[in-house]
Amino acid sequence: MKNRLRVLRAEREWSQQDLADRLEVSRQSVNAIETGKYDPSLPLAFRIADLFGMTIEEIFLRD
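Just so it is clear: in the sequence shown, position 21 is 31 by this note's numbering, and no numbers are missing.
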């Protein structure tokens, strides 16, 4: 699944580790989501959306 996570993170000048800490996941999980190797669970997708003040649909895009 494509997503805007890397762009949103960069706009805030957060490292992958910064984002991982905020989401309480590993840096490797953030990297895997950003590169499309892993689709987050629905609860994690909601946490990501809440953190950025956006809807899931604004962050995660259909292929």
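Even glycine gets a Cβ: it sits at the ideal position worked out from N, Cα and C.
The structure presented is a predicted model; accordingly, all values stated were derived computationally and were not measured.
Measuring CB to CB, does residue i end up less than 7 Å from residue j?
i: Asn13; j: Ile66; result: no
i: Ala55; j: Tyr48; result: no
i: Glu34; j: Arg16; result: no
i: Gln74; j: Arg37; result: The question about residue 74 has no answer, for the chain in this structure spans 11 to 73.
i: Arg22; j: Leu61; result: no
Going by other Cβ atoms of all chains shown within 10 Å of its Cβ, with 16 needed for buried, is residue i buried or exposed?
i: Leu29; result: buried
i: Pro53; result: exposed
Could you check which residue in the options has the C-alpha nearest to that of residue i?
i: Ser39; options: Ile58, Met64, Asp73 and Arg72; result: Ile58
Within a Cβ cutoff of 6 Å, which residues of the same chain sit near residue i, ignoring the five residues on either side of it in sequence?
i: Ser25; result: none
i: Pro50; result: Ile43
i: Leu71; result: Lys12
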